[in-house]
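Working notes, structure below.
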Amino acid sequence: MPVANWYLDLTGLEKYWGPAHAYHHTAPISLHFALREGLRMVVEEGLEARLARHRSNAELLWEGLEALDLPPLVPLANRLTTLTTPQIPPSVDDVTIRRRLLDEYNIEIAGGFGPLKGKVWRVGLMGFSSRKENVLLLLGVLERLLKQ
Numbered sequence: 003m004p005v006a007n008w009y010l011d012l013t014g015l016e017k018y019w020g021p022a023h024a025y026h027h028t029a030p031i032s033l034h035f036a037l038r039e040g041l042r043m044v045v046e047e048g049l050e051a052r053l054a055r056h057r058s059n060a061e062l063l064w065e066g067l068e069a070l071d072l073p074p075l076v077p078l079a080n081r082l083t084t085l086t087t088p089q090i091p092p093s094v095d096d097v098t099i100r101r102r103l104l105d106e107y108n109i110e111i112a113g114g115f116g117p118l119k120g121k122v123w124r125v126g127l128m129g130f131s132s133r134k135e136n137v138l139l140l141l142g143v144l145e146r147l148l149k150q
């Protein structure tokens with residue numbers, strides 16, 4: 003089905019990057035360069051290796067969260083390796099922990115939305131950021147902050 007608008011129209015982008023270098027619209031060119039660089043990084047690492055890295059780091063995160071009594075909300079069979087939603091115990095102040103993570107450790111995680119606000123965090127492990135050292139750092143800092 004043809005794309006209804008120009009925003010991230012990959013057919014137009016393909017023509018732009020192809021031999022004809024056809025102009026298709028005034029696009030957010032930084033988005034195109036970012037997409038191209040991201041895809042280059044995937045090819046360089048290898049898709050299978052990248053998927054395995056994301057899986058390994060997600061499993062490390064899930065195990066660590068369980069050990070901290072922050073079990074993921076989503077059942078294992080339905081989890082994404084790139085986004086984890088640990089459940090926050092009622093005794094933990096969602097905003098305070100997230101603020102301290104950001105202010106003191108430069109680690110940003112997001113809060114829940116709607117009925118999950120204050121009940122879960124959203125932890126992303128995506129692309130280059132999906133690294134074992136990042137997971138271990140987050141788990142170590144969470145352990146320290148939760149004990150306080």
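Residue numbers for the sequence shown follow our numbering, so the first one is 3 and each next one is one higher.
Ideal Cβ placement from N, Cα and C applies to all residues, glycine included.
Note that the coordinates shown come from a computational prediction; the quantities given were computed from them, not determined experimentally.
- Straight through space, the alpha carbons of F35 and D11 are spaced by roughly 14 Å.
- Shown here for V5: same chain residues with a beta carbon closer than 7 Å to its own, the five before and five after excluded, namely D11 and T13 in chain order.
- By the Cβ rule, the region 106-121 does not count as touching the region 53-73, because fewer than three pairs are nearer than 8 Å.
- DSSP places V125 inside the beta strand (DSSP E), whose first and last residues are W123 to G126.
- If only uninterrupted alpha helix (DSSP H) runs of at least 4 residues are considered, those enclosed by the region 35-100 are 49-69.
- Cβ neighbours of T83 within its own chain (closer than 6 Å, five residues either side excluded): H56, R57 and A60.
- A residue is called buried when at least 16 other Cβ atoms come within 10 angstroms of its Cβ; T86 meets this threshold and is buried.
- Note: G113 is bridge-paired with W123 in the DSSP secondary-structure output.
- Residue state for N108 is assigned as coil, using DSSP reduced to three classes.
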